[in-house]
Each structure stands twice: as C-alpha cells, then as structure tokens.
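Heads up, the thing below is written out as structure tokens.
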Amino acid sequence: MNQCNDTSYIAYQPSNLIKPFKTVPEMKKRAYHHTIFVYDLKGNYLFDGTFERPLKTIQVAVSFTHTLRIVHGSDKTLCISILGRTYYLGTNATTTSSQISAIALTSNDSNLVIENYQDEQVILSGGTLLNLQW
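The opening position of the sequence shown corresponds to residue 8 in our numbering, with each subsequent residue numbered one higher.
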C-alpha cells in the first residue's frame, strides 16, 4: 500500500469565539487638587500657572509645585499639564553650566502627575533648537 497517497491534511478551522484584541484600559481622569499649565509660546516665568497665565517651562512648573506643597501639604495630588509643542530641555543650559536643564524629580515630587493637555502632542527633546543660517 502506498502511504503517500493516503495522507490526509487537517485544514485550519477558525474558532467560533470572537476574541477582541486586548488594549490598554483607559485610565479615568483623576481629580487633581491643583493643575499648573505650561506653554512656552505664551508662558512666562512669573505667571501663576493658570490656563490663561501658563508658566514657560516644565522646570519652573516643578519648582512651583514645591511651593504649593508647602501651602497645601504633600498628600495632595498635583498636576502639570503641558500644552502641545516640542520642548527643548537643553535650551536653558549655558556654556558655563555643567548641567543641562533636565527635569529632576525626587521623593518630594510624589503625588505629581505630568501629562499632556487633553490630546495635544507634546515632545520632550534633550537637545537644543539650533537656528542655523547657511
């Protein structure tokens, strides 16, 4: 008997069960005790961080949260909301400083949320924007 002619194949049968793709569950928006806004185009280092008067840099906003913690306590959740744009973290560095203007967070920054404003795209760049003239 020729076994090669007697070979049977099992075809793939898809499951009748529909298995949806697993996605990351959407996080519920938490209520923050205080929200500080950052927008480098219209912000200022001396503003109060409201939507109408945003701070200029993320670093200044982090420093501002330290002041708020003294007033309101460290158990309150604070939020830094960054309006969409590219933020060049190296821009604040000088030729004499040995440290680029990084965002430094410590245990004192617990209960701090840093997020983009709504669905706006925020890019954090470790470089410096160069305005070259060729």
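Backbone N, C-alpha and C define an ideal beta-carbon position, used for all residues, glycine too.
Exercise. Who are residue 39's beta bridge partners in DSSP?
Worked result: Residue numbering aside, residue 39 sits at position 32 when the sequence shown is read from its first letter. For residue 39, which the question treats as bridged, DSSP gives no partner whatsoever.
Exposed unless 16 or more other CB atoms sit within 10 angstroms - verdict on residue 58: Residue numbering aside, residue 58 sits at position 51 when the sequence shown is read from its first letter. Looking at its Cβ environment, which holds fewer than 16 other Cβ atoms inside 10 Å, residue 58 is exposed.
Sequence-distant residues of the same chain with beta carbon closer than 7 angstroms to residue 93, five excluded per side: Residue 93 sits at position 86 when you count from the first residue of the sequence shown. Excluding residues within five positions, the ones whose Cβ falls inside 7 angstroms are 130, 132.
Q | residue 125 versus residue 90 - alpha carbon distance | A | Start at 1 with the first residue of the sequence shown, and residue 125 comes out as number 118. Start at 1 with the first residue of the sequence shown, and residue 90 comes out as number 83. Rounded to the nearest angstrom, the two C-alpha atoms are 8 angstroms apart.
* Asked: Going by beta carbon distance, what residues of the same chain come within less than 7 angstroms of residue 50, once the five residues before and after it are set aside?
  -> What you label residue 50 is simply residue 43 of the sequence shown in a count that begins at 1. Cβ neighbours of residue 50 beyond the five flanking positions: 61, 62, 63.
Q) What three-state label does DSSP hand residue 60 in the structure shown? A) Position 53 of the sequence shown, counted from the start, is the residue given in the question as residue 60. Reduced to three states, the DSSP call for residue 60 is coil.
**Request:** For residue 37, collect the residues of the same chain with a Cβ closer than 7 angstroms to its Cβ; drop the 5 residues on either side in sequence, then sort them by chain order.
**Result:** For this step, residue 37 is matched to residue 30 along the sequence shown. Once the five neighbours on either side are set aside, the close Cβ partners of residue 37 are 84.
query = Which first and last residues belong to the alpha helix (DSSP H) in which residue 90 is found?
reply = Here residue 90 is taken as the residue at index 83 of the sequence shown, counted from 1. Per DSSP, residue 90 belongs to no alpha helix (DSSP H) and is neither H nor E.
Rounded C-alpha distance that separates residue 67 from residue 47: Here residue 67 is taken as the residue at index 60 of the sequence shown, counted from 1. Here residue 47 is taken as the residue at index 40 of the sequence shown, counted from 1. Taking the straight line from one Cα to the other gives about 11 angstroms.
- Message: Once DSSP output is grouped into helix, strand and coil, what is the label at residue 123?
- Response: Residue numbering aside, residue 123 sits at position 116 when the sequence shown is read from its first letter. In this structure, residue 123 counts as strand in the three-state DSSP scheme.
Next item on the list: Can you tell me which of the three DSSP states residue 44 falls into?
Entry: The count along the sequence shown starts at 1 and reaches residue 44 at position 37. Residue 44: strand per DSSP, three-state reduction.
* Can you check DSSP and say which residues form a bridge with residue 130? => What you label residue 130 is simply residue 123 of the sequence shown in a count that begins at 1. Note: residue 130 is bridge-paired with 93 in the DSSP secondary-structure output.
task: Could you pull out every residue in the same chain whose Cβ sits closer than 7 angstroms to the Cβ of residue 95, ignoring the five residues on either side in sequence?
output: Start at 1 with the first residue of the sequence shown, and residue 95 comes out as number 88. Exclusion of the five residues before and after residue 95 leaves 132, 134, 135, 136 as the residues of its chain whose Cβ lies within less than 7 angstroms of its Cβ.
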